[in-house]
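See below for the structure under consideration.
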Amino acid sequence: MKLKTPFLFLTVCFFALSSPAQSSYRDSLMNYQHHYKKDLYAIIKKDTAYVKFYPVDSSYRIVARVKKLYEQNFFPMATSDNKAHEAIKYAALQFNLHGKEYTLFAYQLSFLMSSAEHKNNFFIPFTDGTSGIDSYSGGKYIDFVTGDISADNILVIDFNRSYNPYCAFKKGYSCPIPPKENSLPVAIWAGEMDFYK
Numbered sequence: 019m020k021l022k023t024p025f026l027f028l029t030v031c032f033f034a035l036s037s038p039a040q041s042s043y044r045d046s047l048m049n050y051q052h053h054y055k056k057d058l059y060a061i062i063k064k065d066t067a068y069v070k071f072y073p074v075d076s077s078y079r080i081v082a083r084v085k086k087l088y089e090q091n092f093f094p095m096a097t098s099d100n101k102a103h104e105a106i107k108y109a110a111l112q113f114n115l116h117g118k119e120y121t122l123f124a125y126q127l128s129f130l131m132s133s134a135e136h137k138n139n140f141f142i143p144f145t146d147g148t149s150g151i152d153s154y155s156g157g158k159y160i161d162f163v164t165g166d167i168s169a170d171n172i173l174v175i176d177f178n179r180s181y182n183p184y185c186a187f188k189k190g191y192s193c194p195i196p197p198k199e200n201s202l203p204v205a206i207w208a209g210e211m212d213f214y215k
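Following our numbering, the residues of the sequence shown are numbered contiguously, the last one being 215.
Okay, here's the thing in structure tokens:
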């Protein structure tokens with residue numbers, strides 16, 4: 019009994035300390051989803067009832083090493099309406115997910131870079147093993163600003179915050195299509211699911 023008591027005490031302490039943090043993280047994502055659906059209401063009205071997310075999974079909140087890319091040329095990033103947005107590759111993001119190493123690229127869009135309000139924006143458009151099955155076939159996005167990158171070139175990527183482009187809900191939008199180099203060879207069971215009634 020004397021050997022078990024300290025272990026039991028430490029276990030109780032661990033859950034007492036970790037549970038509030040986990041609860042806070044979950045609450046923050048629930049709040050994010052609430053506001054996300056509220057913003058979508060202007061576009062799809064009551065159909066926001068059909069907007070769904072995978073269950074929150076903190077293992078999809080990862081830390082990436084950022085390698086900024088310089089002297090890159092703009093290129094035409096294909097869009098859903100068979101046009102293109104001028105884009106530039108901003109950084110390579112290397113990370114470990116469930117024991118395996120992956121790389122995604124972050125991009126900036128020319129029309130946003132020319133805006134005083136959005137000039138520091140960049141995003142990760144990606145597809146994965148769920149695309150076209152449980153999630154939107156055209157991929158998902160995660161948004162950032164350059165200030166999200168730490169001084170030692172670290173970026174926290176939370177796939178629970180990945181979302182569908184407007185094209186998943188309604189026609190008439192010109193949505194960037196994730197480049198092939200951002201096709202993850204693994205299923206990402208996190209973030210927004212496909213939209214259907």
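The beta carbon of each residue, even a glycine, is placed where N, CA and C say it ideally should be.
Residue environment, residue i, which counts as buried when at least 16 other CB atoms sit within 10 Å
i: D170; result: exposed
i: G165; result: exposed
i: E104; result: exposed
i: P183; result: buried
Residue i: first and last residue of the uninterrupted alpha helix (DSSP H) it sits in
i: F129; result: S128 to M131
DSSP three-state assignment for residue i, whether helix, strand or coil
i: I61; result: helix
i: Y154; result: coil
i: N114; result: strand
i: L122; result: strand
i: K189; result: coil
i: K70; result: coil
Where the beta strand (DSSP E) containing residue i begins and where it ends
i: I160; result: K158 to V163
i: M95; result: F93 to A96
i: P143; result: N139 to F144
i: V84; result: R79 to K86
i: I175; result: I172 to D176
Whole-Å CB distance - residue i paired with residue j, under 8 Å assumed
i: F140; j: K158; result: Between K158 and F140 the Cβ distance is about 15 Å, and since that is not below 8 Å, they are no contact.
Residue j beta carbon less than 8 Å from that of residue i
i: I106; j: F92; result: yes
i: Y54; j: N178; result: no
i: Y72; j: A186; result: no
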